[in-house]
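Encoded as structure tokens, the structure appears first; notes follow it.
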């Protein structure tokens, strides 16, 4: 008898359970089906997902693509054993980056990698991804589940997301006529969103609190649940404002790097954003993080969103109309500041006032 025959090894002996993978696919089919939209109505399980741009109503589209992850927020989900919402974060981080360019998110794919596949855990994660896709109006047309023993410790997993959107030719943002005096509006965040969690976790360690302890900044929730509040998805309100007013000049998604890194990405080199810090309604979570970790306001502003997850630039005469539509769609709109001429060698963001930590 050959060595192979004597050993009789299987893929399962090596730590990969094909049956668990198949079970997870069956568990997630209803969630995936719930994300169908014009242009995408296929079942998962093929070698690739299909999307029909014509059926989605586009005539001469430019495609816009984005990919992202959830960062070390996943460690909190793993340690707190709460996996239902990180999928929403995954979608949000990608689709918010599409809408800032004026694009409608159309399709989404995910990559889920783990050391040992737990079909129930995987299904909870994908149900969150599907919820995010429904909120963003895009179809979950496929994904990859990778079981990789030896690559990830017990219980650990990682997520990556890939989104594609489209805009009709000539309608992409930012536009070229951003001018000094234009108004900056802010849309409030739901909390920490999905950036800065390596610092968050360090501060929690300093605090000595367990994930199941009552959240000091959020009544009726554990610390883990409160910190896992999902990233806000701004897609539908912004698309409505873009289409009904045609007045939005630029949008910036406030992610890692905060205001100073993200706002200048959409501005001409001769302009700066003057931000009134006094106008920001800072959520209690940021005050708790700053106080517990002894984090200075400047560091908070370049690590976290501090309460503003999206920036909107409009001409002064259009600011009210845009704000009214966004408010009507459930957003809390904050007048944040204005565009000013940038001084020689100056930065793209100028602060006035004090952050209310």
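Residue numbers (the working numbering): 5 to 361.
Glycine included, each C-beta is placed from N, C-alpha and C at the ideal position.
This structure is a prediction, so every number in the text was calculated from the model and none was measured.
{"Check": "CA-to-CA distance, residue 291 to residue 84, given in whole angstroms", "Outcome": "22 Å"}
{"Check": "For residue 192, the first and last residue of its enclosing beta strand (DSSP E)", "Outcome": "187-192"}
{"Check": "Coil, strand or helix - residue 201 by DSSP", "Outcome": "helix"}
{"Check": "Residue span of the alpha helix (DSSP H) that contains residue 1, given as start and end", "Outcome": "Residue 1 is absent from the model: the chain starts at 5 and stops at 361."}
{"Check": "Integer-rounded CB distance, given that residue 130 should sit under 8 Å from residue 91", "Outcome": "6 Å"}
{"Check": "Assigned secondary structure, residue 306 (DSSP; H/G/I helix, E/B strand, else coil)", "Outcome": "helix"}
{"Check": "Inter-residue spacing [alpha-carbon to alpha-carbon] between residue 12 and residue 151", "Outcome": "21 Å"}
{"Check": "Sub-8 Å separation of residue 276 and residue 351 beta-carbons", "Outcome": "yes"}
{"Check": "Three-pair Cβ contact test at 8 Å for the region 198-214 versus the region 54-68", "Outcome": "no"}
{"Check": "Check whether residue 96 and residue 236 have beta carbons under 8 Å apart", "Outcome": "yes"}
{"Check": "Cα-Cα separation between residue 248 and residue 329, rounded to whole angstroms", "Outcome": "9 Å"}
{"Check": "Nearest residue (CA-CA) to residue 122, options 26, 323, 324", "Outcome": "26"}
{"Check": "CA-to-CA distance, residue 149 to residue 393, given in whole angstroms", "Outcome": "Nothing about residue 393 can be reported from this structure: the residues present for the chain run from 5 to 361 only."}
{"Check": "Opening and closing residue of the alpha helix (DSSP H) in which residue 288 lies", "Outcome": "288-297"}
{"Check": "First through last residue of the alpha helix (DSSP H) which encompasses residue 100", "Outcome": "90-103"}
{"Check": "Where residue 6 falls: helix, strand or coil (DSSP)", "Outcome": "Bear in mind that a pLDDT of 48 at residue 6, under 50, signals an unreliable position, so the model cannot answer this."}
{"Check": "Residue 15 (DSSP reduced to helix, strand or coil)", "Outcome": "coil"}
{"Check": "Any 3 or more C-beta pairs closer than 8 Å across the region 174-182 and the region 108-115", "Outcome": "no"}
{"Check": "Counted within 10 angstroms of its Cβ, other Cβ atoms place residue 193 as buried (16 or more) or exposed", "Outcome": "buried"}
{"Check": "Per-residue DSSP class, three states only, for residue 253", "Outcome": "strand"}
{"Check": "Which of helix, strand or coil DSSP assigns to residue 223", "Outcome": "coil"}
{"Check": "Range of the contiguous beta strand (DSSP E) that encloses residue 116", "Outcome": "108-118"}
{"Check": "DSSP state of residue 269 mapped onto helix, strand, coil", "Outcome": "helix"}
{"Check": "Whole-angstrom distance between residue 302 and residue 190, CA atom to CA atom", "Outcome": "19 Å"}
{"Check": "Per DSSP, cross-strand counterpart(s) of residue 125", "Outcome": "Residue 125 pairs with nothing; no bridge assigned."}
{"Check": "Span separating the alpha-carbon of residue 296 from that of residue 133", "Outcome": "32 Å"}
{"Check": "7 Å Cβ shell around residue 308 - same chain, five flanking residues per side excluded", "Outcome": "196, 199, 200, 262, 290"}
{"Check": "Residue 359 - DSSP class collapsed to helix/strand/coil", "Outcome": "coil"}
{"Check": "Beta-carbon separation (whole angstroms), residue 68 vs residue 171, contact threshold 8 Å", "Outcome": "7 Å"}
{"Check": "Residue 45 to residue 279 span [Cα, whole Å]", "Outcome": "44 Å"}
{"Check": "Distance, residue 264 Cα to residue 287 Cα", "Outcome": "20 Å"}
{"Check": "Alpha helix (DSSP H) runs wholly inside the region 51-92, at least 4 long, in chain order", "Outcome": "77-84"}
{"Check": "Secondary structure of residue 209, DSSP reduced to three states", "Outcome": "helix"}
{"Check": "Helix, strand or coil at residue 246 according to DSSP, with G and I counted as helix", "Outcome": "helix"}
{"Check": "Residue of 82, 47, 42 minimising C-alpha distance to residue 163", "Outcome": "82"}
{"Check": "As assigned by DSSP and simplified to three states, the class of residue 354", "Outcome": "strand"}
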